[in-house]
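**Student:**
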Amino acid sequence: MATELQLTHPADLYYLMEHQVWARVHADGTATVGITELGIVLSGEIYMCRPKRVGTALQQGQTVAVVELSKSIVPVKTAVSGEVVQVNEALEQRPGLVHLDPYGEGWIARLRLSGLDADRAALLHGAEVALAMADHARAFGHVLAQPEAPIQTPTPGEGA
C-alpha cells in the first residue's frame with residue numbers, strides 16, 4: 427500500500443524534478459538552492475551537510491553539496507548554474523534544518539546565476555510542479571495528499 431504524504435512545494439520556486447532540488451531566483455541575479463521536501467522524505471534523515479566552497483562554479487545538475495544519511499553519502503545537485511557565493515553555515519551545526527524548513531532556513535547555498543535562460547528548459551515552475559511531484563512520489567511508492575481547496579468567501583456586493 428502506498429504511503430500518503432502531506433508535502434508542500436511552493437509555486438514560486440524552480441524545480442529540477444529528476445534530482446528533487448529547487449532554486450529560488452532573486453532579483454539581484456542570485457538564486458538560493460536546496461532539497462525538496464519530497465527529496466528529503468525519499469532520502470531519509472540527514473546527519474551532515476557539506477556544501478561546496480564559496481567560489482566554486484557549477485553547471486545545472488552538478489553537485490552543490492554532499493549529505494550523509496544513515497547508511498550512505500549522497501550528492502545534492504544544483505537546480506541552476508552559477509558560482510557559489512554563500513553557503514548556509516547553520517547546517518554545519520544543525521543539519522536537521524533541512525528537514526524542519528527545507529524551503530526556508532534549510533537552504534544549502536546561494537549562487538550567482540550564470541545560465542538561467544538555458545537552465546529553464548529543465549526546470550518546472552508554477553502549476554506544472556504539483557502533477558510532476560505527484561508522479562515522482564508515485565514512482566517511489568508514495569501518494570501526495572491533495573490539499574483541501576481554500577474556502578471562497580463571496581466579496582460583499584457580488585451577485586448570488
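Under this note's numbering, residues 427 to 586 are what the sequence shown spells out, in order.
Here a beta-carbon is modelled for each residue, glycine too, at the ideal position from N, C-alpha and C.
Taking buried to mean at least 16 other C-beta atoms within 10 Å of its own C-beta, is Y473 buried or exposed?
**Tutor:** exposed
**Student:** In this structure, does DSSP put A418 in helix, strand or coil?
**Tutor:** Shown here, the chain extends from 427 to 586; a query on residue 418 therefore has no answer.
**Student:** Exposed or buried, which one is V524 when buried takes at least 16 other CB atoms within 10 Å?
**Tutor:** buried
**Student:** Check the C-beta distance from V513 over to V502 and give it rounded, since I have them as a contact under 8 Å.
**Tutor:** So it is not a contact: roughly 12 Å between Cβ atoms.
**Student:** Rounding to the nearest angstrom, what Cα-Cα distance links Q432 and A571 in this structure?
**Tutor:** 5 Å
**Student:** Nearest CA to the CA of K497: which residue from R476, S469, V511 and A483?
**Tutor:** Measuring from the Cα of K497, the nearest candidate turns out to be S469.
**Student:** Can you tell me the Cα-Cα spacing of L542 and S507, whole angstroms?
**Tutor:** 7 Å
**Student:** How would you call Q578, buried or exposed, if buried means at least 16 neighbouring beta carbons within 10 angstroms?
**Tutor:** Bear in mind that a pLDDT of 36 at Q578, under 50, signals an unreliable position, so the model cannot answer this.
**Student:** Going residue by residue through the stretch 436–518, where are the continuous beta strand (DSSP E) segments of at least 3 residues, counting only ones entirely within it?
**Tutor:** 440–442, 447–451, 456–461, 474–477, 489–494, 499–503 and 508–513
**Student:** I'd like the list of long-range same chain contacts for L526, defined as Cβ closer than 7 Å, with 5 residues on each side in sequence excluded.
**Tutor:** G532
**Student:** Per DSSP, which one or two residues make a beta bridge with H525?
**Tutor:** Partner(s): none; H525 has no beta bridge.
**Student:** With R520 as the anchor, note down where its beta strand (DSSP E) starts and where it stops.
**Tutor:** First-last for R520: undefined, no H or E at that position.
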